[in-house]
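Read through the structure below, which is laid out as structure tokens, and then see the notes.
In the numbering used here, the protein residues as written are 121 to 278.
This is the structure in structure tokens:
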């Protein structure tokens, strides 16, 4: 299977073979980040934001996910990209597939995010100045948004 990973430091790497989810995402479980209208899915740690010591916020990965239509929010730890086929669900097949070819578009968006975030106001050639500004705003949000809390309530049955 072909997949790609954006590490918390922003590096993008491409891989072939079986995905070792525990090694890449962590043993706590994975969560799918839906990318509307695409045959690609993003995967992040299910509890990444709640364990900042283990899963640092992934500013570049969060920006790339947002550029692909994901919810604008902080994502923590590595972001894994795979192919995704929701039409396989009713047939009992796996939805996770190999990252579709060509994968140059992921490289293009990743590179454009890096250029936008470089601090020198560069505008990626393929994108607009307003796109680059939006990416910088998303990055600021990812860096500064509070960590969500979990409230545990006890229930008394009568």
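Heads up, the beta-carbon is just placed ideally off N, CA and C, and yes, glycines get one too.
Burial state of residue i (16 or more Cβ within 10 Å)
i, result
"residue 164", "buried"
"residue 207", "exposed"
"residue 203", "buried"
"residue 134", "exposed"
"residue 266", "exposed"
"residue 194", "buried"
"residue 189", "exposed"
Backbone secondary structure at residue i - three-state DSSP
i, result
"residue 136", "strand"
"residue 164", "strand"
"residue 184", "helix"
"residue 189", "coil"
"residue 255", "helix"
"residue 231", "helix"
"residue 122", "strand"
"residue 174", "coil"
"residue 215", "coil"
"residue 262", "helix"
"residue 200", "strand"
"residue 151", "strand"
"residue 158", "coil"
"residue 249", "helix"
"residue 127", "coil"
Supposed contact pair residue j and residue i - C-beta distance, whole angstroms, cut 8 Å
i, j, result
"residue 169", "residue 162", "So it is not a contact: roughly 15 Å between Cβ atoms."
"residue 127", "residue 183", "At roughly 14 Å, the Cβ-Cβ gap does not stay under 8 Å, so residue 127 and residue 183 are not in contact."
"residue 234", "residue 256", "Actually they do not touch by this definition, with Cβ atoms about 12 Å apart."
"residue 159", "residue 220", "5 Å"
"residue 150", "residue 166", "6 Å"
"residue 132", "residue 230", "5 Å"
"residue 262", "residue 177", "6 Å"
"residue 201", "residue 124", "4 Å"
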